[in-house]
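To start, the structure itself, in structure tokens.
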Amino acid sequence: MEYNFKEIESNWQKYWAANKTFAAKDGGDKPKYYVLDMFPYPSGAGLHVGHPLGYIASDIVARYKRHKGFNVLHPMGYDSFGLPAEQYAIQTGQHPKITTEQNIARYREQLDKIGFSFDWDREVRTSNPEYYKWTQWIFIQIFNSWYNKSTNKAEPIETLIKVFETKGFNCKLDDTLTGDIEKDLEPFTGEEWKAFDEKKKSDILMNFRLAYLGESFVNWCPQLGTVLANDEIKDGVSERGGYPVERKLMKQWSMRITAYAQRLLDGLDTLDWTESLKEAQRNWIGKSEGTSLKFKVQGSENSIEVFTTRPDTVFGVSFVTLAPEHELVESLTTTENKAAVEAYVTQAKNRSERERQADINKITGVFTGSYVEHPFTGKQVPIWIGDYVLAGYGTGAVMAVPAHDSRDYSFAKHFGLPILEVVAGSTNGTLSEVEGSYDAKEGKLINSDFLNGLEVKDAMKKAIAEIEAKGLGKGKVNFRLRDAVFGRQRYWGEPIPVYYKNDIPYALNENELPLVLPEVDKYLPTEDGEPPLARAAASWKHEGKYDYEHSTMPGWAGSSWYFLRYMDATNGSEFASKKLSDYWQQVDLYIGGSEHATGHLLYVRFWTKFLKDLGYIAIDEPAKKLINQGMIGGTSELMKQFIINREEIEKYNSISKEIIIKKEGKEIKRLDIGNGSEHCHVYLSIDSGLDIEFFDKENKSPIKTELFQENRAKVKYVMNSVLNIDEWIADEPYYAGSILITDEGYWTKHEYFDFTENKIQNISFKTKPVVEKMSKRWNNVVNPDDICEKFGADTLRLYEMFLGPLEQSKPWNTNGITGVQGFLKKLWRLFYMSPSGGGAQRAGEDSSNALNVTNDEPTKGELKTLHKTIKKITEDIERFSFNTSISNFMICVNELTDAKCNKRAILEPLLVCLSPYAPHIAEELWKQLGHTESISTAAFPDFNEAYLVDDNVNYPVSFNGKVKFTLELAATLTTQEVEAIVRANEQTAKYLDGKEPKKVIVVHKKIVNMVV
RNA sequence: GCCCCGGUGGUGGAAUUGGUAGACACGCAGGACUUAAAAUCCUGUGUCUUCGCGGACGUACGGGUUCAAGUCCCGUCUGGGGUACCA
3 MEYNFKEIES NWQKYWAANK TFAAKDGGDK PKYYVLDMFP YPSGAGLHVG
53 HPLGYIASDI VARYKRHKGF NVLHPMGYDS FGLPAEQYAI QTGQHPKITT
103 EQNIARYREQ LDKIGFSFDW DREVRTSNPE YYKWTQWIFI QIFNSWYNKS
153 TNKAEPIETL IKVFETKGFN CKLDDTLTGD IEKDLEPFTG EEWKAFDEKK
203 KSDILMNFRL AYLGESFVNW CPQLGTVLAN DEIKDGVSER GGYPVERKLM
253 KQWSMRITAY AQRLLDGLDT LDWTESLKEA QRNWIGKSEG TSLKFKVQGS
303 ENSIEVFTTR PDTVFGVSFV TLAPEHELVE SLTTTENKAA VEAYVTQAKN
353 RSERERQADI NKITGVFTGS YVEHPFTGKQ VPIWIGDYVL AGYGTGAVMA
403 VPAHDSRDYS FAKHFGLPIL EVVAGSTNGT LSEVEGSYDA KEGKLINSDF
453 LNGLEVKDAM KKAIAEIEAK GLGKGKVNFR LRDAVFGRQR YWGEPIPVYY
503 KNDIPYALNE NELPLVLPEV DKYLPTEDGE PPLARAAASW KHEGKYDYEH
553 STMPGWAGSS WYFLRYMDAT NGSEFASKKL SDYWQQVDLY IGGSEHATGH
603 LLYVRFWTKF LKDLGYIAID EPAKKLINQG MIGGTSELMK QFIINREEIE
653 KYNSISKEII IKKEGKEIKR LDIGNGSEHC HVYLSIDSGL DIEFFDKENK
703 SPIKTELFQE NRAKVKYVMN SVLNIDEWIA DEPYYAGSIL ITDEGYWTKH
753 EYFDFTENKI QNISFKTKPV VEKMSKRWNN VVNPDDICEK FGADTLRLYE
803 MFLGPLEQSK PWNTNGITGV QGFLKKLWRL FYMSPSGGGA QRAGEDSSNA
853 LNVTNDEPTK GELKTLHKTI KKITEDIERF SFNTSISNFM ICVNELTDAK
903 CNKRAILEPL LVCLSPYAPH IAEELWKQLG HTESISTAAF PDFNEAYLVD
953 DNVNYPVSFN GKVKFTLELA ATLTTQEVEA IVRANEQTAK YLDGKEPKKV
1003 IVVHKKIVNM VV
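Start counting the first sequence at 3; every next residue gets the next number (the working numbering).
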């Protein structure tokens, strides 16, 4: 019987669905294991072959863990709110819900064909009101919470109100609250608080809420009509669509993720994530320790506070720089500098992110005309304004130490400001006119009064102590991490569950949820720039009269807690019951792309910590172990094409032409191509040495011919860089008029010829593979469906794993896939050996039609093969090395084929080992062996060391580290005995050449090395 | 610039703790079967050298540690990813 993967695969996919084979049980005796794939956004393009890479890996682990006796949760769902569906809705007027549903249906169809063991009963969609009800609910919890620095966790806002009522507020909380807007708060007493009106109370509390409405600079994208988070911008343009982004001051909903900065940083140490990913998060959080320091403005009551990480260099300050947006800019500017400063500030503020990035090396700035006093020397220090100082970081002002900071250095050089050296580094005290600054935190302090002679580290401590003692500032930690902008001026997202009464935002009550996304007539902003939700019917108001919030939540809202929803996907009264979240705990294995490093993976950690603080869940981190699967690139197949010179092509439109094929300058063939004005596609195999020339038949003159190499054949029709011409033409009749030429002959009008006009069977037309991004544009997109159709899902699964290590990026090509399919066929034949011949199929011999598996006792060799395989596969899965396990299966089947082994005692356990990788064929053969239950219920075979023990060891014998020959010796021999035997060996004598070895090293059961 | 990860045959890659470098697979060459093709099977395949036995070289490059280095250390080159006036 033939291995008929199509029938087998569709049968088993139906069986699994009908029997809910992979439904997870919520409890029981088995230990739990939670394997999760990163939430896919169902895009209109469907899945290409790169997407399922991680899903296959996680599916293997899920199936393996089931065999190992775990209760496995392996769910899948859709992050189904998002920009592309909305952009499509704007263009076509079709509701994004419809597009989204179609895309999901397509995704599902593709996923099903690959045979994943997802528990589809738990599917979630973020755009489903049953789901986003709880996203809104969590938002309300965050809104109703503040971060208590003394308990170091989030608490209900009521506890803060209690504090205000009893003690009031003395402004001392401000350095513990890291949001951008609480700075301006005035102190108040408990009595005063009680007397405040509701608006005032609301405004004050807004400074503490973890979800808050605040005015801040945002990344505004006019083309998309919305704000974007930092991680949604790449190179100064929007990640989706590539539109320019500008800075804009806006009132916005934000999340106070900065309150969690330290915990997000500390938590990384407890996670088994890749170092590079953790490093990316650390950089993004960007902790820096330093000190604040006040500089008194001369002739004014004001002082400028700066943040510095180098208090040791305070004696090297030669000027102070303010960000253009700094609040003191106006008051510090002297009359004579006013015009220049105003012009500069206006220009700097209007520069978009993109422009700032583009001329990063362009140094700009302006002098205010004012001075501060140096806090220690009392000398006057000029105040400058420069856009290299960011308003949003630290205090928006820096003390410039050009000798020891490269940015200050360039600024000083550009404007001719003094450079004062205070750390003797590599230049040893003679820097002044040397190129560049000395930024290293090493060396002894000079020219620095009480710091002189100290090492940088000690000088820092002493400087901070002195600054604090003088009341000029204090030690401080700063984070680069910004609060996350939460509002989006878009339609296709979760409505923010807030309404406004007398200009005060109120959260909805839980029983009012979900706040369902209203219908609108258009998905565009209104004429006066309000978000699309402002188009909702006039009746869409809270209690019929109060406006709802018009912005919606960002894409990351729904994905920040979805892993919890899978635990209890249909719960109507809670986001997930405590009982079930306690049972399922953390995700044990999370697989997804590294592009989520500073977005999703930071937000999901933030929300997890928040929910834990309020006692809703027991875990502090969402995923214990995380693997980033590598990107799959595309392989394009370039065709070598000859065309008429582009400038002259018009001229030859109606002239009858032919092409001349030349070999080593000599003409070997002429082919008539008629007088059509359409392009004649003339292609030459990439490995050919022939030359092609167009020829004008009417004027009997050659036509200027060019080589063109931009055309890409659809990769679907190319295997090992050989184009399947017949398939290609059948699918793309546009190319039917082409001429394809190789050294063996040519193809034209659906027939093959050699150069003497004889019809031939085929030619091997070669294309040139180049690695590019997988994209429709390059004709190199490969769909998993096509591969499943042609080779089967099991082959696809194995091949994706066989390509290389999961975490490594690699281009897709289908070259090796036949080897993987060959392996499955070979496995199949072990079960269907012809009773007469057995093993290797002789040429022309049919495989047996009946299953032919015996109950004979396996030999020692067969057992060794099996147990070696069990051992390796187990080790490989445990360390997520899937490519090597495929190799090991191949070795196993090769050995069993050589041994002509068709014994049940060997083949049965082998099937269980293989079933996580190639589940369909394993199920089918398992059933044929007489089992009535799914193979997924079988226990993973135990590996028995006893079968692997060899009687003999093949010792490589080396001389000075170079292996010369091997000796098979009994494993029981001691190292001394081995040495004696090797010394006595006649081959040894040859290499020793009569000399006595200086030293002999024998590593037991490993190697012998003689030093001569 | 800074941070992270890589560099092994014609190709994808293997070598888990320093112990026979190139497993497994593709491709290629030759052969078997076939009217032919497909499918399948067998043999060979790192480079150089030799008729052959064999020998020499070989994991980006240059050094080092070691009886022994793809693996550890130092320096250089190079590819990919992240990030960037964050004081």
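For every residue, glycine included, the Cβ atom is placed at its ideal position computed from N, Cα and C.
Proximal residues to residue i (C-beta, below 7 Å), its chain only, five neighbours per side dropped
i      : result
Pro943 : Ile872, Pro911, Val914 and Cys915
Pro158 : Asn146 and Ser147
Lys870 : Leu950
Residue i and residue j closer than 8 Å at C-beta
i      : j       : result
Leu853 : Phe833  : yes
Pro918 : Arg65   : yes
Lys768 : Ser723  : yes
Asp389 : Thr370  : no
Val322 : Val403  : no
Ala715 : Glu639  : yes
Lys1   : Ser294  : This structure leaves residue 1 out entirely; the chain is present only between 3 and 1014.
Glu925 : Ile908  : no
Glu597 : Arg607  : no
Leu273 : Ile287  : no
Gly794 : Phe7    : yes
Tyr493 : Thr554  : yes
Lys997 : Val1014 : yes
Thr758 : Ser690  : no
Leu392 : Lys135  : no
Ile619 : Leu566  : yes
Residue i (DSSP reduced to helix, strand or coil)
i       : result
Ala795  : helix
Ile670  : strand
Ile657  : coil
Asn1011 : strand
Pro254  : First, the amino acid is wrong: residue 254 is Gln here, not Pro. Strand at Gln254.
Tyr736  : helix
Pro326  : coil
Trp148  : strand
Val479  : strand
Trp558  : helix
Asp693  : strand
Gln643  : strand
Asp314  : helix
Ile705  : strand
Gln823  : helix
His53   : coil
Thr432  : Its pLDDT being 49, under 50, Thr432 is placed unreliably by the model, and nothing is read from it.
Option in the options with minimal Cα separation from residue i
i      : options                           : result
Lys611 : Arg258, Glu551 and Glu457         : Arg258
Lys99  : Ile235, Leu266, Glu344 and Val522 : Val522
Thr977 : Tyr736, Glu545 and Lys1007        : Lys1007
Val299 : Val308, Ser658 and Met803         : Val308
Glu981 : Asn956, Val1010 and Asp995        : Val1010
Met641 : Ala559, Asn781, Thr348 and Val347 : Asn781
Ser575 : Glu512, Lys22 and Val343          : Glu512
Asn130 : Asp698, Arg881, Thr572 and Glu746 : Thr572
His69  : Pro33, Gln93 and Met633           : Pro33
Leu215 : Tyr90, Asp441, Ser82 and Tyr501   : Tyr501
Sequence-distant residues of the same chain with beta carbon closer than 6 Å to residue i, five excluded per side
i      : result
Tyr568 : Pro77 and Arg124
Tyr592 : Leu38, Ala625 and Leu628
Tyr109 : Pro44
Lys253 : Glu217
Arg844 : Note that Arg844 scores 40 on pLDDT, short of 50, meaning its location in the model is unreliable; the coordinates nonetheless yield the value given after this. Nothing listed; no residue qualifies.
Contact belief for residue i with residue j at Cβ below 8 Å, rounded distance in angstroms
i      : j      : result
Val347 : Val331 : 6 Å
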